[in-house]
Amino acid sequence: MSVKISKAGFHRDLQYRVQWSKTDHDVQVLLVQKLPSGVYMDEYQLETLRRDTGLEVLLDSKVDLEAPEYLSSGFTALVFLSGKHEAVVPVHGRYHRPSDSSKRVKVDIESPRLLLRSDQCTETLSPGLRRVVVDAPCTFSNHSICSWMEILDLEDNAGVSLEIPASPRTEQLLRGPLERVRLKFELRFTALTPPFLYLHLQTFSSTHSSFLSFLLVPDHV
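For the sequence shown, counting from 1, position 200 maps to 1432 in the numbering used here; every step adds exactly one.
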């Protein structure tokens, strides 16, 4: 089994490939992929890919597509290969907390668990290969629980990682090439003959100030 990650930036692809010896019976493959809070999968995109390409991915929980990394939780994706040897699954990076020291954030994704199911599964496996029986959904469309054989001895089991841009702090966005601009707002209300009211807004920076006034008139006047 091999796992690679492709593309750049916030939008990536996880590329899975599982190889096994030719057999005279079907072998079902299920990859159990745990994902950290730093990334997410879009269930609506996955549904479109299922209709267009046959990709079958189940998520174990509802995923908030808009939440930043520090307000999100990890989740698990079940990738059914359904007789195929490979799958490409899109994954997206979340926004992380603003950073002073780093322009990029590293997100580690561990290698998935490999589960096999077949009428002659024990005959397919090599002697001495460590495995254990576990329960998981039978297929993408049948959520009944079946027994699967999890393979414990896997080569290239190190997982993958990606780097995504880190958000700059707000004050860094205000820092110019010559000085850091400081903004202050002053609100003053001046009472006039009721029911009129002036709203004064004054802004200051290190080099200049501006002054705006607004006449507030109630709706009922």
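Ideal placement from N, C-alpha and C gives every residue a C-beta, glycine not left out.
Computed from a prediction, not measured in an experiment: that's the story for all the values here.
What did DSSP end up calling residue i once you bin it into helix, strand or coil?
i	result
Gln1265	strand
Lys1236	strand
Ala1390	coil
Glu1395	strand
Leu1347	strand
Gln1247	strand
Val1259	coil
Lys1338	strand
Count the other CB atoms within 10 Å of the CB of residue i; is the residue buried (16 or more) or exposed (fewer)?
i	result
Gln1251	exposed
Ile1383	buried
Lys1294	exposed
Gly1457	Nothing in the structure corresponds to residue 1457, since the chain is present only between 1233 and 1453.
Tyr1248	buried
Leu1303	exposed
Arg1244	buried
His1375	exposed
Gly1306	exposed
Leu1297	exposed
Val1323	buried
Glu1279	exposed
Leu1246	buried
Leu1361	exposed
Val1365	exposed
Specify, as a first and last residue, the run of the alpha helix (DSSP H) that residue i falls within.
i	result
Arg1326	Looking at the DSSP string, Arg1326 is not in any alpha helix (DSSP H), and its letter there is neither H nor E.
Asp1284	Glu1275 to Thr1285
How far does the beta strand (DSSP E) with residue i in it reach, from first residue to last?
i	result
Tyr1302	From DSSP, Tyr1302 is part of no beta strand (DSSP E); its letter is neither H nor E.
Phe1307	Phe1307 to Phe1312
Ala1368	Arg1363 to Pro1369
Lys1316	Unbroken run through Lys1316: none, as it is neither H nor E.
Glu1382	Ile1377 to Ile1383
Asp1292	First-last for Asp1292: undefined, no H or E at that position.
In angstroms, rounded to a whole number, what distance separates the CA positions of residue i and residue j?
i	j	result
Asp1332	Lys1236	30 Å
Ala1368	Glu1395	32 Å
Glu1337	Glu1318	For the sequence presented, residue 1337 should be read as Val rather than Glu. Their Cα atoms are separated by approximately 28 Å.
Leu1386	Met1233	7 Å
Asp1256	Ala1240	40 Å
Leu1267	Lys1254	31 Å
Ser1238	Arg1363	30 Å
Lys1335	Gln1277	28 Å
Tyr1327	Asp1274	15 Å
Val1339	Pro1397	11 Å
Asp1292	Ser1350	24 Å
Arg1283	Ser1373	13 Å
Ser1399	Ser1379	44 Å
Ile1377	Thr1308	17 Å
Val1320	Ser1269	20 Å
Contact between the segment 1332-1350 and the segment 1376-1395 is defined here as three or more beta-carbon pairs at a separation below 8 Å; is this criterion met?
yes
Could you tell me whether the segment 1307-1320 touches the segment 1256-1273, using the rule of 3 or more Cβ pairs below 8 Å?
yes
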